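A.B. asks:
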Amino acid sequence: MTTILVVDDDPQVLRVLRINLTAHGYDVHTAADGAAAVHEARNGADLVLLDLGLPDVDGVEVITLLRRSSTVPIVVLSARQGSADKVRALDAGADDYVTKPFGMDELLARVRAAVRRNARRTDRRPAAEPPVRTASFTVDLTAKKILRDGREVHLTPTEWGLLEVLVRAGGEVVDQVSLLERVWGPAYTSATHYLRVYLTQLRRKLEPEPSRPRHLLTEPGKGYRFRA
Numbered sequence: 118m119t120t121i122l123v124v125d126d127d128p129q130v131l132r133v134l135r136i137n138l139t140a141h142g143y144d145v146h147t148a149a150d151g152a153a154a155v156h157e158a159r160n161g162a163d164l165v166l167l168d169l170g171l172p173d174v175d176g177v178e179v180i181t182l183l184r185r186s187s188t189v190p191i192v193v194l195s196a197r198q199g200s201a202d203k204v205r206a207l208d209a210g211a212d213d214y215v216t217k218p219f220g221m222d223e224l225l226a227r228v229r230a231a232v233r234r235n236a237r238r239t240d241r242r243p244a245a246e247p248p249v250r251t252a253s254f255t256v257d258l259t260a261k262k263i264l265r266d267g268r269e270v271h272l273t274p275t276e277w278g279l280l281e282v283l284v285r286a287g288g289e290v291v292d293q294v295s296l297l298e299r300v301w302g303p304a305y306t307s308a309t310h311y312l313r314v315y316l317t318q319l320r321r322k323l324e325p326e327p328s329r330p331r332h333l334l335t336e337p338g339k340g341y342r343f344r345a
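Going left to right, the sequence shown walks through residues 118 to 345 as this note's numbering numbers them.
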């Protein structure tokens, strides 16, 4: 059974989500503040539904804390609709962002998509593949690790998924729709802002000069391409 941690300081929201998610077969735990959220998530949640407006700490800080030691999928549920808030949450390591109020059918679909993406990453170990080396970093596709200057670079599950698709394309351009569908799912083919946010974050982590990328290239009007 998939365990979902719901983090919100509104008891009514916690109650509604607990009832609906439980009815759809999920094991639901709840937390009302950031400290409890970090504690509960580290006890083995498979997915975190996280409100940003918590009483003790901002939700973006919770994402940052979780990402230091966990790759658990994080779906933000927030009344903040500004693009800056979405970018901050996604940059910190969130996998998806849903604005309140939301329909339960849409939320359930996004939960299923996040669980599927995570399952594809973890349900089997592929045969060993030779590392892909660039002048700046090394991609170990088998171990799902990145090394730069002898140190491992931490990527979120979504960042890794995006990088892996580009690396496996072998230098060919991958169009935006294909990237969105393969990394986020068919429901996200119009969410092109996700690509801008995550490519920017990957470049910050991997490129020697993020503003002048050598390896994660934008092909205007076409898509994105990886160059070793």
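C-beta: ideal position from N, C-alpha, C; glycine also. The structure displayed is predicted, hence computed values, not measured ones.
1. What's the gap between the Cα of Phe418 and the Cα of Glu336?
2. According to DSSP, is Glu326 helix, strand or coil?
3. Whose CA, out of Gly340, Val189 and Asp163, lies closest to the CA of Thr120?
4. Identify the continuous beta strand (DSSP E) that holds Glu336 and give its terminal residues.
5. Is DSSP giving Thr147 helix, strand or coil here?
6. Once DSSP output is grouped into helix, strand and coil, what is the label at Asp202?
7. Alpha carbon to alpha carbon, what distance is there between Glu276 and Leu316?
8. At what residues does the beta strand (DSSP E) containing Val193 begin and finish?
9. Could you check which residue in Thr147, Asp212 and Glu157 has the C-alpha nearest to that of Arg233?
10. Is the distance from the Cβ of Leu122 to the Cβ of His146 below 8 Å?
11. Grab me the residues of Arg205's own chain with a C-beta within less than 6 Å of its C-beta, minus the 5 sequence neighbours each way, in chain order.
12. Identify whether Val174 lies in helix, strand or coil by the three-state DSSP scheme.
13. Check for me: the alpha helix (DSSP H) holding Glu276 runs from which residue to which?
14. With DSSP as the reference, please indicate the residues paired to Glu269 in a beta bridge.
15. CB-CB under 8 Å to Val174, same chain, minus the five flanking residues each way: which ones, in chain order?
16. Check whether the Cβ of Ala304 lies closer than 8 Å to any Cβ atom in chain B.
17. Could you give the distance in angstroms between the alpha-carbon of Thr273 and the alpha-carbon of Ala308?
18. Can you pull the DSSP bridge partners for Tyr214?
19. Under 8 Å, do Val282 and Val300 count as touching if we go by C-beta distance?
20. Is Leu169 helix, strand or coil by DSSP?
21. Bridge partners of Tyr305, per DSSP?
22. Which value, in whole angstroms, describes the spacing of the CA atoms of Ala196 and Ala158?
23. My guess is that His141 and Leu194 are in contact by the Cβ rule of under 8 Å, so how many angstroms apart are they, rounded?
C.D. replies: Reading from the atomic positions:
1. Residue 418 is absent from the structure shown; the chain starts at 118 and stops at 345.
2. coil
3. Asp163
4. Where Glu336 is concerned, the enclosing beta strand (DSSP E) starts and stops at Leu333 to Glu336.
5. strand
6. helix
7. Each residue's alpha carbon lies about 8 Å from the other.
8. Here the beta strand (DSSP E) through Val193 covers Ile191 to Ser195.
9. Asp212
10. yes
11. Val177
12. coil
13. Pro274 to Arg285
14. Residue pairing by DSSP puts Glu269 in a beta bridge opposite Leu264.
15. Counting only residues of its own chain and dropping the five nearest sequence neighbours on each side, Val174 has a CB closer than 8 Å to the CB of Asp150, Gly151 and Ala152.
16. Reference to chain B is not applicable here, since this structure consists of a single protein chain.
17. 18 Å
18. Secondary-structure assignment with DSSP links Tyr214 through a beta bridge to Val193.
19. yes
20. In the three-state reduction of the DSSP assignment, Leu169 falls in the coil class, being assigned neither a helical nor a strand state.
21. Paired residues: none, contrary to the question.
22. 22 Å
23. Going by Cβ atoms, the distance from His141 to Leu194 rounds to 16 Å, so no, they are not a contact pair.
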